[in-house]
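Enquirer: Okay, handing you the structure first.
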Amino acid sequence: MDVARHIQDRSPRGIAAAISRLVRSGELRPGDRLPTVRALAADLQVSPATVSSAWQALATVGLVAARGRAGTVVLPEPSAWLPPRYREMAPGTDTRRTDVLDLSTGTPDPALLPPLGPALARVAAHSPAAATASYLGSPLIDPLERLLRASWPFHAPRLTVVDGAVDAISRTLEQLTGFGGRVVVEDPGFPPVLDLCDHLGLERVPVPVDRAGMSPTGLARALRTDPQVVLLQPRAHNPTGASITSTRARELAAVLRAHLAAGGELTVIEDDHSGQIASGSDVSIGQHLPDRVVHIRSYSKSHGPDLRIAAVGGPAAVLDRLIARRMLGPGWTSRLLQRLLVDLLTDGDALDAVAQARRTYYARQRALVTALGRHGVSLEPGDGINLWLPVADEAAALVLAEAAGVRVAPGRPFSARGDDHVRVSLGALPGDPAVIDRIARVLASAADARHTADTRPA
């Protein structure tokens with residue numbers, strides 16, 4: 015289609031609106047490839063930046079997606095409640111197949127979560143009927159605060175709890191940034207966080223991640239853009255499994271300290287989403303720059319996604335504003351759930367269950383990496399529940415793996431670089447060595463696959 019002839023208003027808003035009308039009328043259909051930025055800019059006689067802004071606006075509302083070398087394509091009609099990258103991570107349409115092992119979701123193994131029944135019974139028996147005497151009481155109960163302070167990786171002037179790690183990131187970003195602000199993010203990074211930045215109108219400045227975490231050289235380069243926030247995962251990085259080493263934390267802190275000494279202003283947000291089941295040490299940049307770090311610790315991977323609790327600790331100037339804003343919304347995270355978490359963090363059986371989960375995920379990482387090695391794919395094992403597998407052709411790998419009975423997540427929602435990967439999650443990985451070997455054989459074949467007529471999705 016000659017898209018340019020449908021565009022009268024050549025501003026970014028006008029270009030985006032014209033494309034949106036073509037999509038909603040059906041003239042552009044799901045899977046159709048849009049013109050390249052440079053080609054359309056030449057046709058409209060505008061700058062490439064103008065077209066790029068229009069494409070980004072369309073991606074933010076979920077109408078199109080940039081897919082690296084495959085170009086920018088029109089997305090299917092969205093599920094109203096799924097943000098764009100979340101939607102790309104969702105399973106394919108044929109979810110009725112019972113012969114497919116789903117290693118795409120990133121969720122923990124339910125069998126490895128501590129049982130909630132005994133803890134719920136104890137909390138119900140010991141909690142007063144009117145546990146919340148005032149709407150203006152502290153949002154964080156004393157027993158949980160004492161536990162958090164005893165294990166926090168650095169001294170945090172203020173602590174609170176919110177409804178999960180992404181909620182914590184969202185609320186912190188809202189206090190630290192405004193529309194058009196810049197945020198340094200990892201590349202690859204966690205898709206919902208990238209969606210969140212787009213939703214808030216933030217400009218993402220990507221920095222590569224290696225086996226020891228965010229690149230110090232890349233961070234130094236990104237800081238030249240004068241960002242307000244640096245957002246990173248200190249352990250069990252999703253999707254690569256990298257954990258920041260003590261040496262890397264010192265290197266990153268040195269880069270940040272030099273930027274601050276030169277007059278820069280920024281805050282680091284650390285998303286420790288898998289800390290309780292990660293094998294890496296509890297390393298934080300807050301150990302070097304405590305007044306510049308907001309540290310988030312989630313209990314979803316270790317104690318259950320439905321617990322919906324993440325602890326947040328950092329400077330009072332940031333956390334006090336966050337707490338005050340929450341009072342005009344949910345107010346606080348359920349104190350009953352907080353008491354439940356206290357029980358799970360102190361009960362011997364629950365502690366043993368989390369320790370066993372940590373050992374099991376560690377063993378699964380190494381078993382799968384070893385099996386992949388036998389089939390010609392050499393990888394370093396990561397931490398946590400995800401494995402980042404490079405492939406020759408991402409689309410072909412997804413199709414071939416699922417045809418062989420293994421579903422994995424596409425890599426493109428995690429990264430803007432366009433290099434081909436898939437993410438393999440270990441939550442549903444069986445323990446049988448023979449089954450692991452079969453899965454490794456499937457993944458190795460998928461990693462080598464390239465698009466042919468036989469591997470193209472229908």
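Number 386 in the working numbering belongs to position 372 of the sequence shown; there are no gaps in the numbering. In this text, a Cβ means the ideal position worked out from N, Cα and C, and glycines have one as well.
#1: Which class does Pro319 belong to by DSSP, given the choice of helix, strand or coil?
#2: My parser needs the beta strand (DSSP E) runs of 3 or more residues fully inside the region 255-294; what are they?
#3: Which class does Ala250 belong to by DSSP, given the choice of helix, strand or coil?
#4: For Pro49, which residues of its own chain have a beta-carbon under 6 Å away from its beta-carbon, when the five flanking residues on both sides are left out?
#5: Are Pro206 and Val223 touching if we call contact CB-CB under 7 Å?
#6: Just curious, the beta strand (DSSP E) that Pro404 is in, first and last residue?
#7: In terms of residue numbering, what span does the beta strand (DSSP E) encompassing Gly327 cover?
#8: Grouping DSSP H, G and I as helix and E and B as strand, with all else coil, what is His213?
#9: Please confirm if the region 232-244 is in contact with the region 195-205, defined as three or more CB-CB distances below 8 Å between the two stretches.
#10: What is the DSSP secondary structure of Arg421, reduced to helix, strand or coil?
#11: Assess contact between the region 126-135 and the region 443-450, defined as three or more Cβ pairs (one per stretch) separated by less than 8 Å. Is contact present?
#12: In the DSSP assignment, the alpha helix (DSSP H) including Thr474 goes from what residue to what residue?
#13: Could you tell me the alpha carbon to alpha carbon distance between Ser39 and Val332, rounded to whole angstroms?
#14: Grouping DSSP H, G and I as helix and E and B as strand, with all else coil, what is Arg47?
#15: Assuming Ala463 contacts Asp407 (C-beta within less than 8 Å), just tell me the rounded distance between them.
#16: If you follow the alpha helix (DSSP H) that His140 is part of, which residue opens it and which one closes it?
#17: By Cβ distance, which residues of its chain are closer than 6 Å to Arg47, with the 5 residues on each side in sequence left out?
#18: Starting from the N-terminal side, write out each stretch of the beta strand (DSSP E) that is 3 residues or longer and does not extend beyond the region 427-454.
#19: Leaving aside the five residues before and after Ala80 along the sequence, list all residues of the same chain whose C-beta is less than 6 Å from its C-beta, in chain order.
#20: Could you give the first and the last residue of the continuous beta strand (DSSP E) run that contains Glu200?
#21: In the DSSP output, which residue or residues are listed as bridge partners for Ser312?
#22: Could you round the C-beta distance between His309 and Ser298 to whole angstroms and report it? I think they count as a contact, below 8 Å.
#23: What did DSSP end up calling Ala460 once you bin it into helix, strand or coil?
#24: According to the Cβ coordinates, are Ser439 and Gly203 closer than 7 Å?
Expert: Let me lay it out:
#1: helix
#2: 281-286
#3: coil
#4: Val17
#5: no
#6: Asn400 to Pro404
#7: Ala324 to Gly328
#8: helix
#9: yes
#10: strand
#11: With a cut-off of 8 Å, the region 443-450 and the region 126-135 do not count as touching, because too few Cβ pairs lie within range.
#12: Missing from the structure shown is residue 474; the chain here goes from 15 to 472 and no further.
#13: 46 Å
#14: strand
#15: 6 Å
#16: Under the DSSP assignment, His140 falls in the alpha helix (DSSP H) whose first and last residues are Gly131 to His140.
#17: Cβ neighbours of Arg47 beyond the five flanking positions: Gly85 and Val87.
#18: 435-439
#19: Thr86
#20: Arg196 to Asp201
#21: Ala324
#22: 6 Å
#23: helix
#24: No, Cβ-Cβ distance for Ser439 and Gly203 is not below 7 Å.
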